[in-house]
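S.K.: Take a look at the following structure, please.
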Amino acid sequence: MNEFIIVPGIGGSGEAHWQTRWQRANPAMRRFSPASWEQPDLDDWIGALDAAVAAANAPPVLISHSLGCLLVAHWQLVSKDACAGAFLVAVPDPASQAFPASVRGFAGAPAGRLRFPSLSVASSDDPYGSLDHAETKAAQWGSGLHVAGALGHINGDSGLGDWAEGMKLLAAFASEAGRTALLDAGTD
Numbered sequence: 001m002n003e004f005i006i007v008p009g010i011g012g013s014g015e016a017h018w019q020t021r022w023q024r025a026n027p028a029m030r031r032f033s034p035a036s037w038e039q040p041d042l043d044d045w046i047g048a049l050d051a052a053v054a055a056a057n058a059p060p061v062l063i064s065h066s067l068g069c070l071l072v073a074h075w076q077l078v079s080k081d082a083c084a085g086a087f088l089v090a091v092p093d094p095a096s097q098a099f100p101a102s103v104r105g106f107a108g109a110p111a112g113r114l115r116f117p118s119l120s121v122a123s124s125d126d127p128y129g130s131l132d133h134a135e136t137k138a139a140q141w142g143s144g145l146h147v148a149g150a151l152g153h154i155n156g157d158s159g160l161g162d163w164a165e166g167m168k169l170l171a172a173f174a175s176e177a178g179r180t181a182l183l184d185a186g187t188d
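Position one of the sequence shown corresponds to residue 1 (the numbering used here), numbered consecutively onward.
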């Protein structure tokens, strides 16, 4: 059975956010715990994610949103912990006007291939990152890319409720990531 770690962005994904709703509905999902959701610090967030992954009973699937996606790219370079895969939703563009200056430390996310399978889910009208940016990051990271349509920043303000389409994407991705992890383990 897969374990999942919810990796929100700034604010920690409030009550209306699909990440929070998924976590409430599924005991296999837990959230990483940085010191502050409102004043993200890259080093603190990397340490918190590392602790959450290390505490998992099996390599988890990371379910990231927005700034959490950039965190995953930074984290995977410094951590040696195994990860089954990353579900990356609404990857923001640090060069966009909308990107908060307070989290510029998360900019400069590695451009190389992630060390585990990943799927990037993008909106065609995300104010924090264009579709071109999403396509570029997916190619750099070796991620699959799913364009979900015009869903804004794919957050609580998008009115997605439980985001059933996203859950189907996650289930298919987690199933494939599990098979990939088993195949990779057999080659060691």
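The C-beta atom is built at its ideal place from N, Cα and C for all residues, glycine as well.
With a 10 Å radius around its C-beta and 16 neighbouring C-beta atoms as the bar for buried, classify Q76 as buried or exposed.
M.R.: One-based indexing of the sequence shown puts residue 76 at position 76. When all chains shown are included, Q76 counts as buried.
S.K.: Considering only DSSP beta bridges, list what L62 is partnered with.
M.R.: As a position in the sequence shown, residue 62 is number 62, starting the count at 1. According to DSSP, which records beta bridges pairwise, L62 is partnered with I5 and A86.
S.K.: Taking the Cβ atom as the reference point for each residue, do A40 and P34 lie within a distance shorter than 8 Å?
M.R.: Residue mapping note: residue 40 aligns to position 40 of the sequence shown, counting from 1. Residue mapping note: residue 34 aligns to position 34 of the sequence shown, counting from 1. The sequence given here places Pro at residue 40; Ala does not occur at that position. With contacts defined as CB atoms closer than 8 Å, P40 and P34 qualify as a contacting pair.
S.K.: Could you have a look at S13 and say whether DSSP puts it in helix, strand or coil?
M.R.: Locating residue 13 in the sequence shown gives position 13, where the first residue counts as 1. Three-state DSSP puts S13 in coil, outside helix and strand.
S.K.: By the three-class DSSP mapping on this structure, what secondary structure does T20 have?
M.R.: Indexing the sequence shown from 1 puts residue 20 at position 20. T20: helix per DSSP, three-state reduction.
S.K.: Please report how far the alpha carbon of H65 lies from the alpha carbon of W18, in whole angstroms.
M.R.: Taking the first residue of the sequence shown as position 1, residue 65 is located at position 65. Taking the first residue of the sequence shown as position 1, residue 18 is located at position 18. Using only the alpha carbons, I get a separation of about 10 Å.
S.K.: On the DSSP bridge list, what partners appear for V147?
M.R.: Here residue 147 refers to the residue found at position 147 when the sequence shown is read from its first residue. A122, per the DSSP bridge assignment.
S.K.: Which whole-angstrom value describes the C-beta separation of A90 and A122, a residue pair presumed to lie in contact below a C-beta threshold of 8 Å?
M.R.: Within the sequence shown, the letter at position 90 stands for residue 90. Within the sequence shown, the letter at position 122 stands for residue 122. The pair is a contact, with the Cβ atoms about 7 Å apart (cut-off 8 Å).
S.K.: Hey, how far is the Cα of R21 from the Cα of G9?
M.R.: If you number the sequence shown from 1, residue 21 lands on position 21. If you number the sequence shown from 1, residue 9 lands on position 9. Approximately 15 Å, taken between the alpha carbons.
S.K.: Going by the CB atoms, is the gap between A84 and V72 shorter than 8 Å?
M.R.: Counting from 1 along the sequence shown, the entry for residue 72 is found at position 72. Counting from 1 along the sequence shown, the entry for residue 84 is found at position 84. Their beta carbons are not under 8 Å apart, which means V72 does not touch A84 by this criterion.
S.K.: Out of S120, L131 and E176, point me to the one whose CA is closest to A138's CA.
M.R.: As a first step, residue 138 is located in the sequence shown; it is residue number 138 there, counting from the start. For the residues S120, L131 and E176, the minimum Cα distance to A138 belongs to S120.
S.K.: For L62 and Q97, I'd like the C-alpha separation in whole angstroms.
M.R.: Taking the first residue of the sequence shown as position 1, residue 62 is located at position 62. Taking the first residue of the sequence shown as position 1, residue 97 is located at position 97. Approximately 27 Å between the Cα atoms of the pair.
S.K.: Just checking my contact of S143 with S118 at CB under 8 Å: how many whole Å lie between their CB atoms?
M.R.: Sequence index remark: in the sequence shown, residue 143 carries index 143 (1-based). Sequence index remark: in the sequence shown, residue 118 carries index 118 (1-based). At roughly 4 Å, the Cβ-Cβ gap stays under 8 Å, so S143 and S118 are in contact.
S.K.: For D7, which option in R31, R24, D93 and A171 has the closest C-alpha, if you only look at C-alpha atoms?
M.R.: By one-based count along the sequence shown, residue 7 stands at place 7. The sequence given here places Val at residue 7; Asp does not occur at that position. That would be R31, whose Cα lies nearest to the Cα of V7.
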